[in-house]
Amino acid sequence: MALLNNMKEVWDMLKAEQVNEGCSEKNGFTFSGMDLYEDEKVIKIEFPYALKTLSSAVIGSGLSWKKAFVNRHVDKDYNCDDPMRDMLRFIKNYGLKADDSIAMLTAAHLQNLGKCYIKNEEFELFVIVTAGVGNSVDVSQAKKHEWLKHPIGTINCWVFINGYLAEEAFIHALMTATEAKSKAFFDEKVMDPVTKTIATGTSTDSMLIAATQQGAKHQYAGTITTIGKEIGEAVYKCTVEAIRKSRRSKL
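In full-length UniProt numbering, the protein residues as written are 1 to 251.
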């Protein structure tokens with residue numbers, strides 16, 4: 001369990017754990033005021049100011065402005081008639097307000113995660129991915145799978161950006177991160193258990209793009225842009241690390 005007062009402490013922790021050695025190490029964190037809390041039940045990040053967000057989360061989905069970010073672990077057999085109400089109760093116990101929060105569910109164990117920090121002259125990134133691959137799906141053959149009544153996120157990916165994103169750049173960033181996740185699945189040879197083909201993700205993945213909307217403006221964030229290249233590298237490395245940790249935990 002860790003309670004960190006600012007992004008500099010987060011980066012010190014990452015270096016100590018030698019997380020994602022291929023990620024850039026440039027001058028330390030400057031995301032002012034970020035608090036990161038982790039235990040076996042939750043990963044929680046809070047800011048004293050709101051970030052502009054695009055997310056597919058259970059709570060706080062769509063385009064919005066949010067201060068708090070929650071990734072909650074639930075049992076793989078979790079079955080709730082109203083997961084949104086259940087999640088609202090959960091975040092309230094942490095003193096969080098729904099209007100200020102983004103919250104995701106995952107059946108993946110939260111220690112199976114990858115973290116990465118990247119900085120250059122125009123922006124900073126902090127990426128965190130939790131992963132399990134138990135319900136992996138090849139999207140091109142998804143019709144062969146049964147529908148899940150209450151989907152629970154398995155790959156939950158958060159991308160925090162200290163920079164200004166145009167509206168289209170939020171969508172580009174989401175696309176770039178998703179492509180990076182799928183590339184990680186391909187390189188790690190994660191199989192769809194139904195079709196016996198390479199999976200592109202799981203049936204319950206969730207994504208977050210969050211930007212401070214300060215600093216240099218990025219009109220685009222596709223795979224060939226400067227920021228897109230860094231998002232792609234960071235999400236790929238974090239997803240690979242999280243998948244490998246998940247596999248090792250089952251040995």
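All residues carry an ideal CB built from backbone N, CA and C; glycine is no exception. Here the structure is a predicted model, which means the values were calculated and not measured.
Throw me the rounded Cβ distance for the T212 and N156 pair, which I believe falls under 8 Å.
For the purposes of this step, residue 212 is taken as residue 212 along the sequence shown, with counting starting at 1. For the purposes of this step, residue 156 is taken as residue 156 along the sequence shown, with counting starting at 1. The Cβ separation is near 21 Å, so there is no contact.
Buried or exposed, going by whether 16 or more other CB atoms sit within 10 Å of the CB of A184?
Sequence index remark: in the sequence shown, residue 184 carries index 184 (1-based). A184 should be labelled buried.
Same chain only: Cβ atoms within 6 Å of Q141, ignoring 5 sequence neighbours per side
Here residue 141 corresponds to residue number 141 of the sequence shown, with the count starting at 1. The residues are T195.
Beta-carbon separation of S55 and L208 under 8 Å?
Counting from one through the sequence shown, the residue named residue 55 turns up at place 55. Counting from one through the sequence shown, the residue named residue 208 turns up at place 208. A contact, by the Cβ cut-off of 8 Å.
Taking the runs of the alpha helix (DSSP H) that are 4 residues or longer, which of them lie wholly in the region 152–213?
167–187
Which of helix, strand or coil DSSP assigns to K217:
Sequence index remark: in the sequence shown, residue 217 carries index 217 (1-based). If DSSP states are grouped into helix, strand and coil, K217 belongs with the strands.
Can you give me the C-alpha to C-alpha distance between V129 and C80, rounded to a whole angstrom?
Here the question's residue 129 lines up with position 129 in the sequence shown. Here the question's residue 80 lines up with position 80 in the sequence shown. If I take the Cα positions, the gap works out to 24 Å.
Just to confirm before moving on: does the CB-CB distance between K237 and G114 stay below 8 Å?
Locating residue 237 in the sequence shown gives position 237, where the first residue counts as 1. Locating residue 114 in the sequence shown gives position 114, where the first residue counts as 1. Yes, Cβ-Cβ distance for K237 and G114 is below 8 Å.
Identify whether K237 lies in helix, strand or coil by the three-state DSSP scheme.
Counting from one through the sequence shown, the residue named residue 237 turns up at place 237. Correct three-state label for K237: helix.
Work out the CA separation of M84 and F69 for me, nearest whole Å.
Here residue 69 corresponds to residue number 69 of the sequence shown, with the count starting at 1. Here residue 84 corresponds to residue number 84 of the sequence shown, with the count starting at 1. Their Cα atoms are separated by approximately 15 Å.
Using the rule of at least 16 other Cβ atoms within 10 Å of the residue's Cβ for burial, across every protein chain shown, is Y49 buried or exposed?
In the sequence shown, the residue the question calls residue 49 occupies position 49. By the 10 Å Cβ count, Y49 comes out exposed.
Would you mind sorting L63 into buried or exposed? The rule is 16 or more other CB atoms within 10 Å of its CB.
In the sequence shown, the residue the question calls residue 63 occupies position 63. Answer is exposed; the Cβ neighbour count stays below 16.
With 16 other Cβ atoms within 10 Å as the buried cut-off, status of V139:
Counted from its first residue, the sequence shown places residue 139 at position 139. So V139 counts as exposed.
From L36 to C116, what distance separates their C-alpha atoms?
If you number the sequence shown from 1, residue 36 lands on position 36. If you number the sequence shown from 1, residue 116 lands on position 116. So the two alpha carbons sit approximately 14 Å from each other.
Taking DSSP as the reference, what is the three-state secondary structure of G22?
Within the sequence shown, residue 22 is the residue found at index 22, counting from 1. Legend: pLDDT at G22 = 40, less than 50; position of this residue unreliable, value from coordinates given subsequently. Of the three classes helix, strand and coil, the one that applies to G22 here is coil, per DSSP.
Would you mind working out which of L88, A180, G95 sits nearest T200, comparing C-alpha positions?
Locating residue 200 in the sequence shown gives position 200, counting from the first residue. The option with the nearest alpha carbon to T200 is A180.
What residue range does the beta strand (DSSP E) around L125 cover?
Counting from one through the sequence shown, the residue named residue 125 turns up at place 125. 124–130 is the span of the beta strand (DSSP E), which, as asked, contains L125.
Boundaries of the alpha helix (DSSP H) in which N93 is found, first to last residue:
Within the sequence shown, numbered from 1, the residue matching residue 93 stands at position 93. N93 -> alpha helix (DSSP H) spans 83–93.
Secondary structure at A107, three-state DSSP: helix, strand or coil?
Locating residue 107 in the sequence shown gives position 107, where the first residue counts as 1. It is coil, neither helix nor strand.
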